[in-house]
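S.K.:
Residue numbers (our numbering): -2 to 138.
If you want it as structure tokens, here you go:
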């Protein structure tokens, strides 16, 4: 009879330890891939939101001063509005808020403060931070 201890090879314990270590590394790699996918999606949506902010701001700056009324202009830019940005459909559960107010009295009365805010639901249903832009519109001389 041959002696088993003299045979070269792996024992069952060594194989189990190797499989355990491999599974930990494999699961960590999968989680890293999932997280990187989340980051890429978040950054894409943030870029879309910034683009929407720019588009709405440019549209408002092209309007006559008199047509930019103090109050809320959000209905024009949300889903079904007359000036809905095409990219708004690329964001999940998105909405645009446009509020117009007179600027502080120390600056003068010929200035309107316009705050544009884009909100949306991020990837995997996680809440995302809203993006805002503030622009000022002055009365032409």
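Virtual Cβ for every residue (Gly too), placed ideally from N, Cα, C.
1. Just reading off the beta strand (DSSP E) that residue 108 is part of, what are its end residues?
2. Assess contact between the region 47 to 58 and the region 27 to 37, defined as three or more Cβ pairs (one per stretch) separated by less than 8 angstroms. Is contact present?
3. Grab the span of the beta strand (DSSP E) containing residue 89 for me, first residue to last.
4. Shortest alpha-carbon distance to residue 32 belongs to which of 130, 120, 61?
5. Take residue 123 as the anchor and find which of 109, 90, 113, 101 has the nearest alpha-carbon.
6. Would you kindly work out how many angstroms separate the C-alpha atoms of residue 108 and residue 73, rounded to a whole number?
7. Is it true that the CB of residue 84 sits closer than 7 angstroms to the CB of residue 49?
8. Residue 95 and residue 70: beta carbons closer than 7 angstroms?
9. What residues match up with residue 131 in a beta bridge as DSSP calls it?
10. Since residue 65 contacts residue 22 with CB under 8 angstroms, what's their CB separation in whole angstroms?
11. When you compare only the Cα positions, how much space is there between residue 47 and residue 16?
12. Rounded to whole angstroms, what's the CA-CA distance from residue 38 to residue 88? Just pull it up for me.
13. Sorted by chain position, which residues of the same chain lie with C-beta nearer than 7 angstroms to residue 75's C-beta, five sequence neighbours on each side aside?
14. Would you report the Cα separation of residue 114 and residue 35, rounded to the nearest angstrom?
15. Rounded to a whole number of angstroms, what is the C-alpha to C-alpha distance between residue -2 and residue 18?
M.R.: On the basis of the supplied data:
1. 108 to 118 is the span of the beta strand (DSSP E), which, as asked, contains residue 108.
2. No, they do not touch.
3. 89 to 99 is the extent of the beta strand (DSSP E) around residue 89.
4. Distances from the CA of residue 32 to each of 130, 120, 61 were compared; the closest alpha carbon is that of 120.
5. For residue 123, the closest of 109, 90, 113, 101 by C-alpha to C-alpha distance is 90.
6. If you draw a straight line from the Cα of residue 108 to the Cα of residue 73, it is about 22 angstroms long.
7. Note that the C-beta distance between residue 49 and residue 84 is below 7 angstroms.
8. In contact: residue 95 and residue 70 (Cβ atoms closer than 7 angstroms).
9. BP columns for residue 131 point to 112.
10. Under the criterion of beta carbons closer than 8 angstroms, residue 65 and residue 22 do not qualify as touching, at roughly 58 angstroms.
11. Rounded to the nearest angstrom, the gap between the Cα atoms of residue 47 and residue 16 is 47 angstroms.
12. Cα-Cα distance, rounded: 11 angstroms.
13. Closer than 7 angstroms at Cβ, skipping near neighbours: 81, 92, 93.
14. Using only the alpha carbons, I get a separation of about 23 angstroms.
15. Note on residue -2: pLDDT 49, under 50, position unreliable in the model; the coordinate value appears next. Separation of residue -2 and residue 18 (C-alpha to C-alpha, rounded to the nearest whole angstrom) is 35 angstroms.
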